[in-house]
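Each remark here refers to the structure printed beneath this line.
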Amino acid sequence: MVLKRQLFYPMRFMMRLIAGAWLVGWTAMGSGLSDFSCLSPTALVATQDGKTLFVACATANRVLCFDVAAKKVTASVAMPLPPSGLALSRDGRQLFVTCAAPESQVCIVDVAKLKITATIAVGHTAIAPVISPDGKTLYVCNQFNNDVSIVDLAAKKEVRRIAVLRDPVAADVSKDGKYLLVANQLPAGRADLDYDAAAVSVIDLAAGKVIKEIHMINGSGSLKDIRISPDGKFAAVTHLVGWHKQPTKSVNFGRMHGNAVTLINVARLEVDYVFQLDTLKSGAGNPWGLAWSADGSKLAVVSAGIHEVSIFDFPALLDELARRPEDLDPVAQGSFGYKPAVGGDSGGYIPFLPKAGQRVKLTGTDLGPRAVIVVGNTVYTANYFSDTLSAIDLAPPSFRPNPCRSAPSRKWTWCGRGSFIFMTQPFVCRAGRVVRAVIPATRAWTA
1 MVLKRQLFYP MRFMMRLIAG AWLVGWTAMG SGLSDFSCLS PTALVATQDG
51 KTLFVACATA NRVLCFDVAA KKVTASVAMP LPPSGLALSR DGRQLFVTCA
101 APESQVCIVD VAKLKITATI AVGHTAIAPV ISPDGKTLYV CNQFNNDVSI
151 VDLAAKKEVR RIAVLRDPVA ADVSKDGKYL LVANQLPAGR ADLDYDAAAV
201 SVIDLAAGKV IKEIHMINGS GSLKDIRISP DGKFAAVTHL VGWHKQPTKS
251 VNFGRMHGNA VTLINVARLE VDYVFQLDTL KSGAGNPWGL AWSADGSKLA
301 VVSAGIHEVS IFDFPALLDE LARRPEDLDP VAQGSFGYKP AVGGDSGGYI
351 PFLPKAGQRV KLTGTDLGPR AVIVVGNTVY TANYFSDTLS AIDLAPPSFR
401 PNPCRSAPSR KWTWCGRGSF IFMTQPFVCR AGRVVRAVIP ATRAWTA
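Note that the working numbering has the sequence shown beginning at 1, numbered continuously upward.
As structure tokens, then:
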């Protein structure tokens, strides 16, 4: 009887919460309300001098120009479709904007004139544009075509497609231009097998094909971003880890899933380390974007579900992860958080938030950070649900977030409120366990 209660009540709570979030969203859509009065910043890129940030605003169909010194929006460029990703040309003169739709476009913006000079047709729900090191080619993930577009920038047209596994949502190119690493959001195989996880596809750009799938730790899914370190040695990936091989008796203490980062060794194209952003008592729900500092000494990861940024001293993080669990102080081990893994390349353990990392809570008006960038000694986040940017000074002794408003305060619609509840965790016990972790974004959401 006790066991039945342990199993039943958490599941009943989750089902009520999921049903409530969907009810709010569907009621809003049925009543004709829309969320287009909001900006919903979803991607960031900085000019080479770091003086201007370009901000892709998904529900406003525009890209904003944010003056870093003045801390205000100085201009905007209207887009034909919702912008989903940004990339700046190597010379800084052109901005490439992926605009997501069943028939997506890449808009080329003249940075000096702030005008669209050309558009290029790509695939279904284009996202994550990446420019080759020589600046001649643009790579674009087509999420619901399960492929990557190769775009010749001189000819301004797509020249080929390369198939990947499932739902490519992020990519980055190796420093030598040899490989494109593509993060597939969802697992491609059957869910009833012993191993079920998403993978990172490695495309040999000279050969024009996938040469390897880097398999994530068992249970991994909802991959959101991948970024290669400035020295080219590591690729960091944000994702969830579901403990689907363990009985779910409670949602407390991360018993259902963890919020994690995987570090891939780019030279060997293998997973080196996996660690969680969670602590034992506080989850870091819905890890999304990540960014490196220019010197590679800092790694910043945003948690969209709990409105936080985790900032890591990367050399110290590597040193900490390299130690074997038996080398740790057994008294401190519980707080450090080593947890048995469920298969995969992790050495048998996935640590909770390492001591080399610090979680920074954004101000109460900054909600749903999805994109992050490091400019000089400052971390900037794009906050989807509050239409704001946050600036975090990396200078010691502590990280202090400062809000930068990019628009008037958001006027919530029922649809917007329902989306916020679904994507964050305002009602979930043991902070950090979000509803969206149970139902990731799929093609059905676009219907």
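By construction, the Cβ of each residue, glycine as well, lies at the ideal position given by its N, Cα and C atoms.
If you're wondering where the values come from, they're calculated on a predicted model, not measured in any experiment.
Euclidean distance between Cα positions of residue i and residue j
i      : j      : result
Gly242 : Ala191 : 12 Å
Ala43  : Pro315 : 27 Å
Ile131 : Ile150 : 10 Å
Ala391 : Val202 : 33 Å
Ala128 : Met216 : 20 Å
Asp196 : His244 : 9 Å
Asn142 : Asp366 : 30 Å
Val122 : Lys156 : 11 Å
Phe234 : Leu317 : 13 Å
Thr59  : Arg323 : 45 Å
Ser386 : Cys57  : 12 Å
Leu362 : Leu299 : 17 Å
Ala69  : Leu53  : 11 Å
Ser297 : Ala291 : 11 Å
Lys71  : Ser174 : 33 Å
Ala87  : Pro351 : 33 Å
Gln48  : Leu39  : 25 Å
Leu193 : Ala199 : 15 Å
Val109 : Lys281 : 46 Å
Gln105 : Glu158 : 11 Å
Ala75  : Gly189 : 45 Å
Val63  : Met256 : 38 Å
Val164 : Asn145 : 9 Å
Ala371 : Ile116 : 23 Å
His239 : Gly219 : 10 Å
Asp231 : Glu103 : 36 Å
Asp295 : Asn402 : 23 Å
Ile373 : Val379 : 6 Å
Pro41  : His307 : 14 Å
Cys107 : Asn377 : 30 Å
Pro133 : Val55  : 23 Å
Lys51  : Ser89  : 16 Å
Val140 : Pro83  : 13 Å
Leu114 : Arg268 : 42 Å
Ala126 : Lys212 : 23 Å
Ile120 : Gln94  : 14 Å
Ser303 : Asn61  : 24 Å
Supposed contact pair residue j and residue i - C-beta distance, whole angstroms, cut 8 Å
i      : j      : result
Gly208 : Arg166 : Incorrect: roughly 20 Å between the Cβ atoms, too far for contact.
Asn354 : Leu321 : Contrary to the premise, residue 354 reads as Pro rather than Asn in this sequence. Contact flag correct, Cβ pair sits at about 7 Å.
Val210 : Ile162 : 7 Å
Ala284 : Arg359 : 7 Å
Leu205 : Tyr179 : 7 Å
Gly289 : Lys224 : 7 Å
DSSP bridge partner residues for residue i (one or two, in chain order)
i      : result
Val202 : Leu181, Lys212
Ser303 : Pro287, Glu308
Asp67  : Thr52, Lys72
Pro168 : Asn184
Phe275 : Val261
Tyr195 : Partner(s): none; Tyr195 has no beta bridge.
Asn402 : Ala391
Phe96  : Ala87, Ile108
Cys57  : Pro41, Arg62
Gln358 : Ile311
Phe144 : Partner(s): none; Phe144 has no beta bridge.
His457 : No answer is possible for residue 457: it lies beyond the span of the chain, which begins at 1 and ends at 447.
Tyr380 : Ile373, Ala391
Val137 : For clarity, residue 137 is Thr in the given sequence; the question names Val instead. Paired residue(s): Asp152.
Val130 : Tyr139
Thr365 : Its beta-bridge partners do not exist; DSSP assigns none.
Glu270 : Asn265
Distance CB(residue i)-CB(residue j) smaller than 9 Å
i      : j      : result
Val261 : Val274 : yes
Leu81  : Ala101 : yes
Gln185 : Ser222 : yes
Ile226 : Asp172 : yes
Ser293 : Leu394 : yes
Val77  : Gly85  : no
Met79  : Cys99  : yes
Gly305 : Asn286 : yes
Gly357 : Phe312 : yes
Ala118 : Val375 : no
Thr381 : Val271 : no
Lys136 : Asp147 : no
Asn383 : Gly364 : no
Val451 : Ala183 : With the chain covering 1 to 447 only, the question about residue 451 has no answer from this structure.
Residue i Cβ short of 8 Å to the ligand FMN heavy atom set
i     : result
Ala58 : Only the bare structure without any ligand can be found here, which leaves the ligand FMN out of the picture.
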